[in-house]
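Participant:
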Amino acid sequence: MVNELLDKKFQFGSFSFKVEHIILLFILLFAFFIRVSYIDVAPFWIDENISSLASLNILEKGVPVFDSGEFYSRALVFHYSQALSMLIFGTNDFGARIISVLFGLLTVILGYLFIKEMFNDSENKSSYALFCALVLSIFFLEVFFSRQARFYQLFQLAFFSCLYFLYKSRWNPNSVYYAVFCFIIALDTQIAGIILTPFVLYSLIFNELKIDYKKITNKLNILGILIVLVYAGSRVLGIFNVSTGSVELASSYAVNYLNFFYNSGFVLILGLIGVFWFISKDKRFLFYLVLPSAIFFVLVLFVEQFAFRYFYPLFFFLLLFFSVFFCLLSEKFSPKFLILGIIGLIFVSNIIFPYNYATIILPIKESFNDYSAPIIDIKNIPTELKEKMINNNVGTFYPAYFEWYVKKPDFVVPYSMSGRNIIVKEIDDYTGVTYVKEPPNREYYFVKDYFSYYKFHDKNEANKFFNECDLSFKNSTLEIFYCK
578 MVNELLDKKF QFGSFSFKVE HIILLFILLF AFFIRVSYID VAPFWIDENI SSLASLNILE
638 KGVPVFDSGE FYSRALVFHY SQALSMLIFG TNDFGARIIS VLFGLLTVIL GYLFIKEMFN
698 DSENKSSYAL FCALVLSIFF LEVFFSRQAR FYQLFQLAFF SCLYFLYKSR WNPNSVYYAV
758 FCFIIALDTQ IAGIILTPFV LYSLIFNELK IDYKKITNKL NILGILIVLV YAGSRVLGIF
818 NVSTGSVELA SSYAVNYLNF FYNSGFVLIL GLIGVFWFIS KDKRFLFYLV LPSAIFFVLV
878 LFVEQFAFRY FYPLFFFLLL FFSVFFCLLS EKFSPKFLIL GIIGLIFVSN IIFPYNYATI
938 ILPIKESFND YSAPIIDIKN IPTELKEKMI NNNVGTFYPA YFEWYVKKPD FVVPYSMSGR
998 NIIVKEIDDY TGVTYVKEPP NREYYFVKDY FSYYKFHDKN EANKFFNECD LSFKNSTLEI
1058 FYCK
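In my numbering, each number is its position in the sequence shown, counted from 1, plus 577.
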């Protein structure tokens, strides 16, 4: 009965639409609504302003070159897309963030298409695909990362889109070219995209475990192989810029990543059950989805710097198989298990748990509480103080943040992210502002943000810039001093 309803068509003028597609459209509209609502309320976390300044420079100069002369080569596809978004919607938080909403909506569609392929032989594949789309549309991390002026949502989309098209290429050879396109975007966005290289080359060259001479004599395949080899080769040196940690550190990071499941452990447990259950029935996805995701997970653990955003893309994998778990229950026992899954999604939402939720149904104003993505809240300082700072000299530890929300500061006190040494450059990479080691002999405001301050090994190097100054403002992320 449900399948008949989903297959039913409605006529709108000369166009006809299946009920299934109308429901998908409503899911996407709701996903858009909860992503775009209050999107410009929460202040940037520190890397968002770097991307936004890079895109602002694209609008001004045509290329992402900061005022220091530094070329920002990361995620060019994202930053040109963000620049276009800012051109349309304005050089503000909304214009900088709205592009990620688009990538988030495309990720919802990707989940829908994945389930369609995974349950291609099931008469219930449409309802299963819609369930997965709903899961991806309201899961809190998918919502939060779709609201950031940073490229992690695009990377998740490109990485798993590549795997989707690789799987489809088994019976639709032309799909491999879409996979190559997604591979280029994934690798442009994050060096982790290099994981996809052997899987793309395999699909361009092999059939099962044998070389397919029809493939390697096809001109488009030859072009695809050359593109993958050349582009992966041009990026492979970037791997050596990624510092790696020990096995002991990786074990510690695994625990830290698990701590981020404090409100969504059920996704991890049921998702992993879904993996083993589905693979036991259909091993085709073992190579095209499970293996690259497993490699991604292991490599993330060995990155020396801990950051939850590195792990985040894998949530698509977990949410996909979380959906698969309920689909398999419905397939084996009763379609009512899908209804049970929907009820569960509502129960763990911010309707029931306003502060500790796993799904988002009511619009939110806050950003994701992630200690590995710190915020320096310049945005919400009093307007009167902002005006005084605009008309006066200002020093900071972290100038890019201040430039986005107020103005380019006049001087910067240098520090290193590791806290082990002082930067020896003369100017800041992102703003071109001059580094100083001694307080200037004039009146100035100084912004002491806690994130940067705690990076100083010798606090006296920082304290001398504000020790004898008056405190003008303080919030949970910073203090602002007026120095005469």
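The beta-carbon is built from N, C-alpha and C at its ideal position, and this holds for glycine as well.
Just to confirm the assignment: which complete beta strand (DSSP E) runs, minimum length 3, are found wholly within the region 682-750?
Facilitator: Those beta strand (DSSP E) runs which fall completely within the region 682-750 and span 3+ residues do not exist here.
Participant: Nearest to L764 by CA position, among F1058, P641 and Y729, is which residue?
Facilitator: Numbered from its first residue, the sequence shown carries residue 764 at position 187. Of the listed residues, the one whose Cα sits closest to L764 is Y729.
Participant: What do you get for E700, buried or exposed, if any count of 16 or more other CB atoms within 10 angstroms of its CB means buried?
Facilitator: Taking the sequence shown and counting its residues from 1, one reaches residue 700 at position 123. Answer is exposed; the Cβ neighbour count stays below 16.
Participant: Can the beta-carbon of L796 be found less than 9 Å from the beta-carbon of F783?
Facilitator: Sequence index remark: in the sequence shown, residue 796 carries index 219 (1-based). Sequence index remark: in the sequence shown, residue 783 carries index 206 (1-based). The identity of residue 796 in the sequence shown is Lys, whereas the question assumes Leu. In this structure, F783 does not lie closer than 9 Å to K796 by Cβ.
Participant: Suppose you measure from the CA of Q659 to the CA of R651; what does that come to, to the nearest Å?
Facilitator: Looking up residue 659 in the sequence shown gives position 82. Looking up residue 651 in the sequence shown gives position 74. Their backbone Cα atoms lie some 13 Å apart in a straight line.
Participant: Alpha carbon to alpha carbon, how far is P986 from L896? Give it in angstroms, no decimals.
Facilitator: The residue labelled residue 896 in the question sits at position 319 within the sequence shown. The residue labelled residue 986 in the question sits at position 409 within the sequence shown. Spanning the two alpha carbons is a distance of roughly 43 Å.
Participant: Give a yes or no on whether the minimum CB-CB distance between I771 and chain B is below 9 Å.
Facilitator: Among the chains in the structure shown there is no chain B, since it carries only a single protein chain.
Participant: Taking the straight line between their C-alpha atoms, what separation do you get for D670 and V613?
Facilitator: Numbered from 1 along the sequence shown, position 93 holds the residue referred to as residue 670. Numbered from 1 along the sequence shown, position 36 holds the residue referred to as residue 613. Each residue's Cα considered, the two are about 12 Å apart.
Participant: Report the rounded CA-to-CA distance for I772 versus F902, giving the unit in angstroms.
Facilitator: The residue labelled residue 772 in the question sits at position 195 within the sequence shown. The residue labelled residue 902 in the question sits at position 325 within the sequence shown. Each residue's Cα considered, the two are about 26 Å apart.
Participant: May I ask you to verify whether the region 956-965 touches the region 1005-1013, counting CB pairs closer than 8 Å and requiring at least 3?
Facilitator: Judged by Cβ distances under 8 Å, the region 956-965 makes no contact with the region 1005-1013, as fewer than three pairs qualify.
Participant: Is it true that the region 819-836 meets the region 797-811, where meeting means three or more beta-carbon pairs spaced less than 8 Å apart?
Facilitator: Short answer: they don't touch.
Participant: Using only alpha-carbon positions, find the residue among E694, R724, Y689 and L731 that is nearest to N749.
Facilitator: Reading the sequence shown from its first residue, position 172 is the one you call residue 749. Checking every option, the nearest Cα to that of N749 belongs to E694.
Participant: In the structure shown, what three-state DSSP assignment does S926 receive?
Facilitator: The residue labelled residue 926 in the question sits at position 349 within the sequence shown. Note: S926 maps to strand in three-state DSSP.
Participant: Count the other CB atoms, across all protein chains shown, that sit within 10 Å of the CB of Q588; report buried if there are 16 or more and exposed otherwise.
Facilitator: Counting from one through the sequence shown, the residue named residue 588 turns up at place 11. The residue is exposed, with fewer than 16 neighbouring Cβ atoms inside 10 Å.
Participant: State the beta-bridge partners of Q588 as determined by DSSP.
Facilitator: Here residue 588 is taken as the residue at index 11 of the sequence shown, counted from 1. Per DSSP, S593.
Participant: Quick one: Cα of G770 to Cα of F736, how far?
Facilitator: By one-based count along the sequence shown, residue 770 stands at place 193. By one-based count along the sequence shown, residue 736 stands at place 159. Their backbone Cα atoms lie some 7 Å apart in a straight line.
Participant: What distance in whole Å lies between the Cβ atoms of S677 and A726, which are believed to be in contact at a cut-off of 8 Å?
Facilitator: In the sequence shown, counting from the first residue as 1, residue 726 sits at position 149. In the sequence shown, counting from the first residue as 1, residue 677 sits at position 100. Indeed they touch by this definition, with Cβ atoms about 7 Å apart.
Participant: Could you check whether the region 972-984 touches the region 903-913, counting it as contact only if at least three pairs of C-beta atoms, one from each stretch, sit closer than 8 Å?
Facilitator: At 8 Å Cβ cutoff, the stretches do not touch.
Participant: Using only CA atoms, which one of S820, N626, R724 and F1058 lies nearest to S1049?
Facilitator: The sequence position of residue 1049 within the sequence shown is 472, counting from 1. S1049 has its Cα closest to that of F1058, out of S820, N626, R724 and F1058.
Participant: So K586 and S593 are in contact, right, with Cβ under 8 Å, and what is the actual spacing, rounded?
Facilitator: As a first step, residue 586 must be located in the sequence shown, where it is residue number 9. As a first step, residue 593 must be located in the sequence shown, where it is residue number 16. Confirmed, Cβ separation roughly 5 Å.
Participant: Run through DSSP, which three-state label would F910 get?
Facilitator: Here residue 910 is taken as the residue at index 333 of the sequence shown, counted from 1. If DSSP states are grouped into helix, strand and coil, F910 belongs with coil.
Participant: Does the contact criterion of 3 or more C-beta pairs under 8 Å hold for the region 884-900 versus the region 705-725?
Facilitator: The region 884-900 vs the region 705-725: in contact.
Participant: Beta-carbon separation of A619 and K1014 under 9 Å?
Facilitator: The count along the sequence shown starts at 1 and reaches residue 619 at position 42. The count along the sequence shown starts at 1 and reaches residue 1014 at position 437. Not in contact: A619 and K1014 (Cβ atoms no closer than 9 Å).
Participant: Ends of the beta strand (DSSP E) at F1050?
Facilitator: To locate residue 1050, count along the sequence shown from 1; it is residue 473. Taken as a continuous stretch (DSSP letters only), the beta strand (DSSP E) holding F1050 covers D1047 to K1051.
Participant: Could you check which residue in E1056, L602, S993 and V1024 has the C-alpha nearest to that of D1035?
Facilitator: Start at 1 with the first residue of the sequence shown, and residue 1035 comes out as number 458. Of E1056, L602, S993 and V1024, the residue nearest in Cα terms is S993.
Participant: Could you tell me which residues DSSP puts in a beta bridge with I952?
Facilitator: The residue labelled residue 952 in the question sits at position 375 within the sequence shown. DSSP output for I952 lists W622 as bridge partner(s).
Participant: Would a C-beta distance cut-off of 9 Å place S723 and L682 closer than the cut-off?
Facilitator: Within the sequence shown, numbered from 1, the residue matching residue 723 stands at position 146. Within the sequence shown, numbered from 1, the residue matching residue 682 stands at position 105. A contact, by the Cβ cut-off of 9 Å.
Participant: Does V1010 come out as helix, strand or coil in the three-state DSSP assignment?
Facilitator: As a working mapping, residue 1010 is identified with position 433 in the sequence shown. Reduced to three states, the DSSP call for V1010 is coil.
Participant: On the three-state DSSP scale, how would you describe K1041?
Facilitator: Start at 1 with the first residue of the sequence shown, and residue 1041 comes out as number 464. It is coil, neither helix nor strand.
Participant: Report all residues from its chain with a CB closer than 8 Å to the CB of I788; omit the five preceding and five following residues, and keep chain order.
Facilitator: Against the sequence shown, residue 788 aligns to sequence position 211. The residues are I782.
Participant: Considering only the beta carbon of each residue, do L915 and N927 sit closer than 9 Å?
Facilitator: Position 338 of the sequence shown holds residue 915. Position 350 of the sequence shown holds residue 927. In this structure, N927 does not lie closer than 9 Å to L915 by Cβ.
Participant: If you check the beta carbons only, do F716 and T936 fall under 9 Å apart?
Facilitator: The residue given as residue 716 occupies position 139 in the sequence shown. The residue given as residue 936 occupies position 359 in the sequence shown. The answer is yes: Cβ separation under 9 Å.
Participant: Hey, how far is the Cα of Q882 from the Cα of F874?
Facilitator: Taking the sequence shown and counting its residues from 1, the one referred to as residue 882 is at position 305. Taking the sequence shown and counting its residues from 1, the one referred to as residue 874 is at position 297. Rounded to the nearest angstrom, the two C-alpha atoms are 15 Å apart.
Participant: Take V642 and list the residues in its own chain whose beta-carbon comes closer than 8 Å to its own, dropping the five residues that flank it on each side.
Facilitator: If you number the sequence shown from 1, residue 642 lands on position 65. The residues are N634, F648 and Y649.
Participant: Just to confirm, are Y705 and L601 a CB contact at a threshold of 9 Å?
Facilitator: Translated into positions along the sequence shown, residue 705 becomes position 128. Translated into positions along the sequence shown, residue 601 becomes position 24. In this structure, L601 does not lie closer than 9 Å to Y705 by Cβ.
Participant: My output table needs one value for F643: the three-state DSSP class, helix, strand or coil.
Facilitator: Your numbering for residue 643 matches position 66 in the sequence shown. If DSSP states are grouped into helix, strand and coil, F643 belongs with coil.
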